[in-house]
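J.: Attaching a single structure in structure tokens format; questions to follow.
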Amino acid sequence: MEKYLSITTLTKYLKMKFDKDPYLERVYLTGQVSNFRKRPTHQYFSLKDDHAVIQATIWSGIYQKLGFDLEEGMKINVIGRVQVYEPSGSYSIIIEKAEPDGVGALAIQFEQLKKKLTEEGLFQEIFKQPLPQFSKRIGVVTSRSGAVIRDIITTVSRRFPGVDILLYPTKVQGDGAAEEIARNIARANQRDDLDLLIIGRGGGSIEDLWAFNEEIVVRAIFESRLPIISSVGHETDVTLADFVADRRAATPTAAAELATPVTKLDVLTHLQNQEKRMATAVQNVLSRKKKL
Numbered sequence: 014m015e016k017y018l019s020i021t022t023l024t025k026y027l028k029m030k031f032d033k034d035p036y037l038e039r040v041y042l043t044g045q046v047s048n049f050r051k052r053p054t055h056q057y058f059s060l061k062d063d064h065a066v067i068q069a070t071i072w073s074g075i076y077q078k079l080g081f082d083l084e085e086g087m088k089i090n091v092i093g094r095v096q097v098y099e100p101s102g103s104y105s106i107i108i109e110k111a112e113p114d115g116v117g118a119l120a121i122q123f124e125q126l127k128k129k130l131t132e133e134g135l136f137q138e139i140f141k142q143p144l145p146q147f148s149k150r151i152g153v154v155t156s157r158s159g160a161v162i163r164d165i166i167t168t169v170s171r172r173f174p175g176v177d178i179l180l181y182p183t184k185v186q187g188d189g190a191a192e193e194i195a196r197n198i199a200r201a202n203q204r205d206d207l208d209l210l211i212i213g214r215g216g217g218s219i220e221d222l223w224a225f226n227e228e229i230v231v232r233a234i235f236e237s238r239l240p241i242i243s244s245v246g247h248e249t250d251v252t253l254a255d256f257v258a259d260r261r262a263a264t265p266t267a268a269a270e271l272a273t274p275v276t277k278l279d280v281l282t283h284l285q286n287q288e289k290r291m292a293t294a295v296q297n298v299l300s301r302k303k304k305l
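Per the numbering used here, the very first residue in the sequence shown carries number 14; after that it's consecutive.
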């Protein structure tokens, strides 16, 4: 006589097989995001291709670390484990890692944050502050040991000796760099004897420059009462810090030149010309008096 199984028994058996199958413990999948609606905690959606669909879950802690937001129709590569959900008898993939297919996660994150901040108005020209013509003291937020600070000191000293440079030694890449950059921008704004700020670092990969794309840094620049010149990477590198800064410089030398638009030689030449004009005016007055 045939023995009939209950649905529960069959489902438990299938779950056991899924759980013990080593090939299902770490599955690599490519699929298109479908039925996605961002939730405040865990994310539930579908992954599909042309012929099949699988339900997918990303726990909130994992989702927050992705570095980008999922979007409907986005094609992604995921790593996860497949499991059976007993109440519905369905199977799904619990995603542990995900990245956009074909385009780096950082590039996606850059565009998403740029779009968000653009819509908020942070990059509008009306918020740009003019740079001072004459600065007595310039703050610099950068690494203590990099070429950036050396180039700035050399250029400022050449163009206008006597201008003070106040360095805020700052970690410019890696964990905690964005927070330190934002913190030092805020510290500089607490002083009354600074005229402007230069923030920046040398060249590198998108990962190396990423701290200057972090939202905390962009907002710190936007909220600064001091005018800010950004000089991040090489001329071809563009960060969100560049969009929000009052001026962008392609190199540290160019940043120092923007910070000292009028050189000491310009001032001396102007004074000499003024002196000549005054002497000429006095001579003209004396000549007229003699004629009288």
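Positions of the beta carbon are idealized from the N, C-alpha and C atoms, including for glycine.
The model shown is predicted, which means the values in this text are computed figures rather than measured ones.
Grab me the residues of residue 231's own chain with a C-beta within less than 7 Å of its C-beta, minus the 5 sequence neighbours each way, in chain order.
T.: As a position in the sequence shown, residue 231 is number 218, starting the count at 1. Closer than 7 Å at the Cβ level, and outside the excluded window around residue 231, lie 130, 135, 253, 254, 257.
J.: What residue range is occupied by the uninterrupted beta strand (DSSP E) comprising residue 58?
T.: In the sequence shown, counting from the first residue as 1, residue 58 sits at position 45. Its beta strand (DSSP E) spans residues 56 to 61.
J.: Check whether the region 78 to 94 and the region 119 to 126 are in contact - that is, three or more C-beta pairs closer than 8 Å.
T.: Verdict: yes, contact present.
J.: Whose CA, out of 94, 139, 207, 223, lies closest to the CA of residue 260?
T.: Here residue 260 refers to the residue found at position 247 when the sequence shown is read from its first residue. If we check each option's Cα against that of residue 260, 139 comes out closest.
J.: Which residue or residues does DSSP assign as beta-bridge partners of residue 197?
T.: Here residue 197 refers to the residue found at position 184 when the sequence shown is read from its first residue. Note: residue 197 sits in no beta bridge, so no partner.
J.: If you draw a straight line from the C-alpha of residue 216 to the C-alpha of residue 90, how long is it?
T.: To locate residue 216, count along the sequence shown from 1; it is residue 203. To locate residue 90, count along the sequence shown from 1; it is residue 77. Their backbone Cα atoms lie some 30 Å apart in a straight line.
J.: How do the region 55 to 67 and the region 16 to 35 stand: do at least 3 beta-carbon pairs fall below 8 Å, yes or no?
T.: The region 55 to 67 vs the region 16 to 35: no contact.
J.: Alpha carbon to alpha carbon, how far is residue 242 from residue 272?
T.: The residue given as residue 242 occupies position 229 in the sequence shown. The residue given as residue 272 occupies position 259 in the sequence shown. So the two alpha carbons sit approximately 8 Å from each other.
J.: Classify residue 265 as buried or exposed, calling it buried when 16 or more other Cβ atoms lie within 10 Å of its own Cβ.
T.: For this step, residue 265 is matched to residue 252 along the sequence shown. When all chains shown are included, residue 265 counts as buried.
J.: Grab the span of the alpha helix (DSSP H) containing residue 161 for me, first residue to last.
T.: If you number the sequence shown from 1, residue 161 lands on position 148. First-last of the alpha helix (DSSP H) with residue 161: 160 to 172.
J.: Which class does residue 232 belong to by DSSP, given the choice of helix, strand or coil?
T.: Counting from one through the sequence shown, the residue named residue 232 turns up at place 219. DSSP places residue 232 in helix when its eight states are reduced to three.
J.: Around the C-beta of residue 93, are 16 or more other C-beta atoms found within 10 angstroms, so that it is buried, or is it exposed?
T.: Within the sequence shown, residue 93 is the residue found at index 80, counting from 1. Per the 10 Å Cβ criterion, buried.
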